[in-house]
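In this note's numbering, the protein residues as written are 314 to 478.
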């Protein structure tokens, strides 16, 4: 984690109710590298619904703050911030719409989150990302984050057989 955050390139704002449909759409498209899309027991629609639900719950209070950046006059990127009981910050979801990627919005979102946590007196911030998501790893490293651990998730589904009478 960097000693002090840098100024965001683009200005972010707190989410508002009218943003939710756009945020849900971004969430349903942004996480194609996640393990849920690679798990053959989840349909693509189920994986997308999981992330739509996650951003909805985040906006409804699961996250301590949700920041949005507009691009081309519409919500195009978001980040969720959580304050943990041990007084550490945690970045939850980061999503950028496909047409706004590679425009600096991700950098601005992370810097906005860093500033949010610093303003709350929090100087340790954690974030988890998928190992295959190289762009996210680069984004966090660019903003002063260092890899502290690598975790592998294994998931095994129990075969369910239909019993007949």
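From the three backbone atoms N, C-alpha and C, an ideal C-beta is built for every residue, glycine too. All values reported here derive from a predicted model rather than from experimental measurement.
{"Item": "C-alpha gap between residue 460 and residue 428, whole angstroms", "Value": "20 Å"}
{"Item": "Residues bridged to residue 378 (per DSSP)", "Value": "394"}
{"Item": "Residue 357 vs residue 421 beta-carbon contact at 8 Å", "Value": "no"}
{"Item": "Whole-angstrom distance between residue 444 and residue 467, CA atom to CA atom", "Value": "13 Å"}
{"Item": "Distance, residue 441 Cα to residue 434 Cα", "Value": "21 Å"}
{"Item": "Bounding residues of the beta strand (DSSP E) (the contiguous stretch that carries residue 438)", "Value": "438-440"}
{"Item": "Beta-carbon proximity check, residue 408 vs residue 452, cutoff 8 Å", "Value": "no"}
{"Item": "Classification of residue 463 by the beta-carbon crowding that lies within 10 angstroms, buried from 16 upward", "Value": "exposed"}
{"Item": "Residue from 360, 343, 414 and 332 whose Cα sits closest to the Cα of residue 380", "Value": "332"}
{"Item": "For residue 403, three-class secondary structure by DSSP", "Value": "strand"}
{"Item": "Nearest-angstrom Cα separation, counted from residue 399 out to residue 416", "Value": "34 Å"}
{"Item": "Same chain, Cβ closer than 7 Å to residue 388, neighbours up to 5 away in sequence not counted", "Value": "332, 335, 336 and 381"}
{"Item": "Candidates 376, 402, 430 and 406: closest to residue 390 by CA position", "Value": "406"}
{"Item": "Under the three-state DSSP convention, the category residue 315 falls into", "Value": "Confidence in residue 315 is poor, its pLDDT being 48 and thus under 50, which makes the residue's placement unreliable; the coordinate value appears in the next sentence. Coil."}
{"Item": "N-terminal and C-terminal residue of the alpha helix (DSSP H) that residue 465 is part of", "Value": "Unbroken run through residue 465: none, as it is neither H nor E."}
{"Item": "Beta-carbon proximity of residue 394 to residue 383, cut-off 8 Å", "Value": "no"}
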